[in-house]
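Protein chains in written order, with our numbering: chain A, 50 to 414; chain B, 50 to 414; chain C, 50 to 414; chain D, 50 to 414.
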Ligand SMILES: [Fe+2]
Ligand SMILES: [Fe+2]
Ligand SMILES: [Fe+2]
Ligand SMILES: [Fe+2]
Ligand SMILES: [Fe+2]
Ligand SMILES: [Fe+2]
Ligand SMILES: [Fe+2]
Ligand SMILES: [Fe+2]
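#1: Return the chain-ordered list of same chain residues with a C-beta closer than 8 Å to the C-beta of residue 319(C), the five sequence neighbours on each side being excluded.
#2: Give me the chain D residues within the contact set of residue 278(A), using Cβ-Cβ distance strictly less than 9 Å, ordered along the chain.
#3: Just the Cα atoms here: how many angstroms apart are residue 272(A) and residue 302(D)?
#4: For a test of the three-state rule: what should DSSP assign to residue 400(C), helix, strand or coil?
#5: Using the DSSP secondary-structure output, state which residues sit across from residue 254(D) in a beta bridge.
#6: Residue 312(B) to residue 166(C), Cα distance in whole Å?
#7: Take every Cβ of the region 202-213 of chain A, pair it with every Cβ of the region 146-157 of chain A, and state whether three or more of those distances are shorter than 8 Å.
#8: Between the Cα of residue 279(B) and the Cα atoms of 252(C), 170(C), 78(C) and 296(C), which residue gives the shortest distance?
#9: Would you call the region 332-344 of chain B in contact with the region 54-64 of chain C, where contact means no fewer than 3 C-beta pairs closer than 8 Å?
#10: How long is the line joining the alpha carbons of residue 183(C) and residue 201(C), rounded to whole angstroms?
#11: With distances taken Cα to Cα, identify the nearest neighbour of residue 218(B) among 267(B), 168(B), 256(B) and 138(B).
#12: Under 8 Å between C-beta atoms, does residue 357(C) make it to chain D?
#13: Rounding to the nearest angstrom, what Cα-Cα distance links residue 232(C) and residue 154(C) in this structure?
#14: What did DSSP end up calling residue 279(A) once you bin it into helix, strand or coil?
#15: Please name the residues in the region 287-316 of chain A whose beta-carbon is closer than 9 Å to at least one beta-carbon of chain B, in chain order.
#16: With a threshold of 6 Å on Cβ separation, who are the neighbours of residue 395(C) within its own chain once the five nearest residues in sequence on each side are excluded?
#17: Here's the rule: buried if 16 or more other CB atoms are within 10 angstroms of the residue's CB, otherwise exposed. What is residue 179(C)?
#18: Nearest CA to the CA of residue 79(B): which residue from 117(A), 88(A) and 91(A)?
#19: Give a yes or no on whether 8 Å exceeds the smallest Cβ distance from residue 451(C) to chain D.
#20: Quick check on the burial criterion: 16 or more other C-beta atoms within 10 angstroms. Buried or exposed for residue 411(A)?
#21: Any heavy atom of ligand 1 inside 7 Å of the beta-carbon of residue 45(A)?
#22: Excluding the 5 residues flanking residue 95(B) on each side, which residues of the same chain have their C-beta closer than 8 Å to its C-beta?
#23: Measure the beta-carbon distance from residue 433(A) to residue 266(A) and round it to whole angstroms, keeping in mind my assumption that it falls under 8 Å.
#24: Where do the N-terminal and C-terminal ends of the alpha helix (DSSP H) with residue 390(A) fall, by residue?
#25: Taking the continuous alpha helix (DSSP H) assigned at residue 376(A), which residues delimit it?
#26: Is residue 89(C) buried or exposed, if buried means 16 or more other CB atoms sit within 10 Å of its CB?
#27: For a cutoff of 8 Å on Cβ pairs, would you count residue 252(A) as touching chain D?
#28: Taking C-beta pairs closer than 9 Å, name the residues in chain C that residue 199(D) reaches, listed in chain order.
#29: Residues of chain B with CB closer than 7 Å to the CB of residue 285(C), please, in chain order.
#30: Would you report the Cα separation of residue 136(C) and residue 142(C), rounded to the nearest angstrom?
#31: List the whole-angstrom C-beta distance separating residue 210(C) from residue 221(D), where the pair is believed to meet the contact cut-off of C-beta under 8 Å.
#32: Measure the Cβ-Cβ separation of residue 369(D) and residue 324(D) and say whether it is below 8 Å.
#33: Quick one, which of 263(B), 247(B) and 306(B) has its alpha-carbon nearest residue 258(C)'s?
#34: Tell me whether residue 62(A) sits in a helix, a strand or coil according to DSSP, three-state version.
#35: Which residues of chain C have a Cβ atom closer than 7 Å to the Cβ of residue 275(B), listed in chain order?
#36: How would you label residue 402(B), buried or exposed, when you count the other beta carbons within 10 angstroms and need 16 or more for buried?
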């Protein structure tokens, strides 16, 4: 009887609700609808030498083919360790090794994918039969649900970054995958026709007048020389306060993101440049194309040099510094296109302390 | 020494990778990129009497105000019990009770929200100061990031369904929330002006020529009489094979979903109607506006009657049957608008067995 | 020799240029690029009794069929008399008579066309085989390049207004025309299915999810009762300062103009209402659905009563007054959709004299 | 009395209609709604030496300034001689001469304008204060309603083509024009910043993320080297059957026409190339950037060489031949963007005689 006296009737109700697979919003509203984004993702940084060494080892142990479709070592964010392949809540990055003569067979999936070439040349990608050779610094697209395979006609190992929106598609329960009947998709047209069709700024083949929806992008290889030159020219103007000199890769048919869902960006930081802090809803995976410096993320300093990867979670303050003698180049992928489509992107500028966070910790992998 | 003999070098590599927060794609590709959508969400059905009884109890125990912003009992899908408020991976449904004289104070959030009125009248919603009264069967919008409050000028308890894209926003890490400085947002214009502005099919006030992007929707209350009439008229034509007579609620400014991210649909099933099975990526929360029947989901039969709620997970076969003597009306919300924006929607028709699944089980709550 | 002294060398150059089919911009820039729109179109007003009497006469003299495809008396703006069928520089209006049992045979053309029913019932229109009956006050669409024919199952003469963008298509050199092989296009589905599919405000059949580009509009008959009710409801709100209570007819698929190029608008002026003057690039053909009043156009007063037609040229000040005892209804078509697509629409409010022009003349036909 | 016997009552009615500013559609339908486009425009070709000689003469006689805003000799199509400045029914082309030190003062107009540089360098254009230098072969935009002026810091006369949609805007009654208060608009940022911002294919400065509607285009100078290289690369692929190797100039923000209403195209014809005939609704003004050859238009041969201008009317068969030893380059402007916006574009392939018209006449200017 005294027992009854102690029972809070609201608690009692909550228990009954739980029993019936219902819940009391008055207790949990703050968990569902938070003042600012909440998630369990934390920043992390992976050193290139660690990745590369494991990758080369896998090259000795594994053969690429229908049994192991791709030889890839991927980033597993330790704060998301229960979610296989999550570098951020939406994005995946893998580092792929293809040896001379190997074929990564043809398949397609609803995940979008981009490739950023880290080392080597002589390998190629085909997208629905369009073949393009990959060279260091190139961005190659294999848009969602397009058939794609890779081959290698060169003589040295070839290493590139794969970026896919694994988490995004997982969260939205939209994953589909198919193997192509043959090992490779029949090649159409001449190799690198995609590059020949888009060799000038601000012009487009008239053949492109039809098929205006722009999917998949008719341009599938964004050459490094071209992007580098664009950034050098851009550096004659004022830098962006948060990103230095920076360009987005775009689909020339519609001016939107090159990959419809995965934003791709290349930044150039001048020697000594230190950008102002800001934060935004979209998350980012960074790969250091070249150079050395650091990024401060929510008060912790992540020091990077050529080849490293690091990730910035949603709504985390961040700012970049170049400590090298030369320009630093940071390639990155993000989920900004989706955030903007669905109307969830927000941005805030770090105003305190002249825009620079106080560094409280230095990250150690 | 014998130990070394037993170690598979690939396993050894995998361990080292794990240690360095990396992963071997050759082991896990199938987990990340699945042939079909995988997720842990299962169907479920909640009986109206259970919900209603708990809700009325909460009405006795709890006062609405700044301490308990909303008096709501929400669906907690048992298959997603670690995710507070998830009815599906993307959508939330709550059942809200407002008593005469109460005020659910003004706030805004990046989650979109819709209200579907279940019982009563006399309560109202304001959206950025636009005031509209709620009657049984009405759909009322409070679009993402608009200020909204509810009040009650009537004499009887008022019950409605809240639909929010809690899971969607959570997965995309985009939740923002703000309280309004005052309890209620100042009312602008006359009550139900939104209805007066949109009282004819296919016509729109010329004031609406400007501000074409259509956000937020200028129409915020979709009256039940109007929707019912639309369905009755529609029933003179061929029914949709999968959904019977069905309409989507749309934003008259752009012809797109009434809420930009949450699809809203009303279906009418004639007596005896049994629709053909299909499945799609988008998931659905159903509320039985009126009638009795069943829905077969992946071979399990969910029997429903007036007021019940049930959920259909992504890529699950489903078909509907009306076993009552009269038309059945099913209201539902879904994440189809987002799936289409991001290009992940797919649909498949159930072809076997003349389109009807074999019923293997009957669901018991 | 003296001759040479008199010749202005610039004049001499101009003559030589003319000879070579060239021109001197320094003389003519002001003609090509004018400070404000210039054109030769003037306002005009046609009395209904004049039109009707001629039209009925034509009914006695002429039979509709492949020899005379349509029995129509059209407005010929006297200021544009060299341009056959021009009521404005872009728009045409005809008044069509169809007698019981007659068939206006099937054809299609690149001109868009709308019908507004003035008298009678029992006639129908088919659009690509979709059949709809026409009643007084209805707006019926036969979008550009759709097959259309009219028939008459009633017992009394039927009169309606035809609106086409004859001048627009002529100016853009885009006229195409084809006769259908048969007299009538085979009817598909049930009559007035288009109305049954769109019988509710803000809802749309789910069948309409596909085929999103919205051309041609799935809704082809906008019933008068519906529009009238919309205007009555709208009159509970503030009127538009320039147009009173006014709605645009829209395509429910995309929220844009019902006819993609021809804007259609219905205005209601309360007894005694006198709107403020403004002017805009788009031109307008007005038909007085019901009532009596006047429109002041660039200082001249055009008095109208039920059935009359009048036209407002581009960039002409205009304001409307209702002098009757009841609501006046003005139906109008305009070229605003095209002006907005191409970015040429401009608007200016008449600020002087409290927004009312001084009336300098009263128009006499 | 005998008089009465002779009168055809339909003729009588027609006369009465004419008297009342009405018309009988049964007589004139075929004039308004034609089977194919009808217009009075004919092809024409202007020799470069004629134009250039007159233009240089005007340079001796006329000073540029507020009295003569621009020193331009324009094409006056003899078939449209009553329409000042019409080269086609929609488009204008002028050839402008600016001498060292001169300033063509700042103004803006609702006509869109493009510049294609024919001779010289050292002159510049500013667009809303953005300054860019003009070199041979460059395409420079001054979009509709943007402030623009030209100056000349070089030492030699500068000649360029102006392309405006004079006829389009005239036909649509949408001409507006304003002088800027000062002679020149204040320059913002560094010269040629527009080029530095868009120096790479398929990439765009992140500053461009905002302001997505793309008007006016952020890229206002399309350098010749860049376009030439694009065409050379394109020539590794199959030529377009009707246009050889051809690119459209596009706005990188949205992938649409560089000027929103005036299409701009550059074609390269290999030595000996002879394209297949076709016709389309859009009309074209051609300028021979370089080379010699001919264009057959509706059976008449128009022979051209470097610098010449010629025009192709709507819906006229045409095919091109290069008779020179080197690549020929044809620059052209057209009204295709508008035709596509409004839905009037059509195209037909010339199928007879293997796609080549029989030449019946050779044009003599
Ligand atoms: Fe793949
Ligand atoms: Fe950032
Ligand atoms: Fe809320
Ligand atoms: Fe379904
Ligand atoms: Fe017609
Ligand atoms: Fe007006
Ligand atoms: Fe100009
Ligand atoms: Fe052509």
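We put the beta carbon where it would ideally sit given N, CA and C, even for glycine.
Taking the definition as stated:
#1: Non-local beta-carbon contacts of residue 319(C) in its own chain, meaning distances under 8 Å to residues more than five positions away in sequence, involve 284, 288, 293, 294, 371 and 376 in chain order.
#2: For the C-beta of residue 278(A), the chain D residues within less than 9 Å are, from N- to C-terminus, 248 and 249.
#3: Each residue's CA atom was taken as its position, placing residue 272(A) and residue 302(D) some 20 Å apart.
#4: Three-state result, residue 400(C): coil.
#5: Partner residues in the beta bridge of residue 254(D), as assigned by DSSP, are 296(A).
#6: Distance between the alpha carbons of residue 312(B) and residue 166(C): 37 Å.
#7: Contact annotation: the region 202-213 of chain A touches the region 146-157 of chain A, with at least three C-beta pairs closer than 8 Å.
#8: Of 252(C), 170(C), 78(C) and 296(C), the smallest CA-CA separation from residue 279(B) is found for 252(C).
#9: Output reads no: the region 54-64 of chain C does not touch the region 332-344 of chain B.
#10: Taking the straight line joining both Cα atoms gives about 10 Å.
#11: The option with the nearest alpha carbon to residue 218(B) is 138(B).
#12: No, residue 357(C) does not count as interfacial toward chain D.
#13: Distance between the alpha carbons of residue 232(C) and residue 154(C) is about 5 Å.
#14: Of the three classes helix, strand and coil, the one that applies to residue 279(A) here is helix, per DSSP.
#15: Cβ contacts with chain B come from 309 and 310.
#16: Shown here for residue 395(C): same chain residues with a beta carbon closer than 6 Å to its own, the five before and five after excluded, namely 330 in chain order.
#17: Under this definition residue 179(C) is a buried residue.
#18: Nearest C-alpha to residue 79(B): 117(A).
#19: The question about residue 451(C) has no answer, for chain C in this structure spans 50 to 414.
#20: Per the 10 Å Cβ criterion, exposed.
#21: Outside the shown range of chain A (50 to 414) lies residue 45(A), about which nothing can therefore be said.
#22: Answer for residue 95(B): 124, 357, 358, 359 and 414, listed in chain order.
#23: Outside the modelled stretch of chain A, which goes from 50 to 414, sits residue 433(A), for which no answer is possible.
#24: It spans 385-391 - the alpha helix (DSSP H) in which residue 390(A) sits, taken as one unbroken run.
#25: Under the DSSP assignment, residue 376(A) falls outside any alpha helix (DSSP H); it carries neither an H nor an E label.
#26: By the C-beta density criterion, residue 89(C) is exposed, having fewer than 16 other C-beta atoms within 10 angstroms.
#27: By this cut-off, residue 252(A) is an interface position.
#28: Within 9 Å Cβ-Cβ: nothing; residue 199(D) doesn't reach chain C, min ~14 Å.
#29: What residue 285(C) touches in chain B: 239 and 245.
#30: So the alpha carbons of these two residues sit roughly 7 Å apart.
#31: With a Cβ gap of about 23 Å, residue 210(C) and residue 221(D) do not count as contacting.
#32: Yes, they are a contact pair.
#33: The option with the nearest alpha carbon to residue 258(C) is 306(B).
#34: Looking at residue 62(A) - three-state DSSP - the assignment turns out to be helix.
#35: 249 and 250, listed in chain order.
#36: It is exposed - the Cβ of residue 402(B) has fewer than 16 other Cβ atoms within 10 Å.
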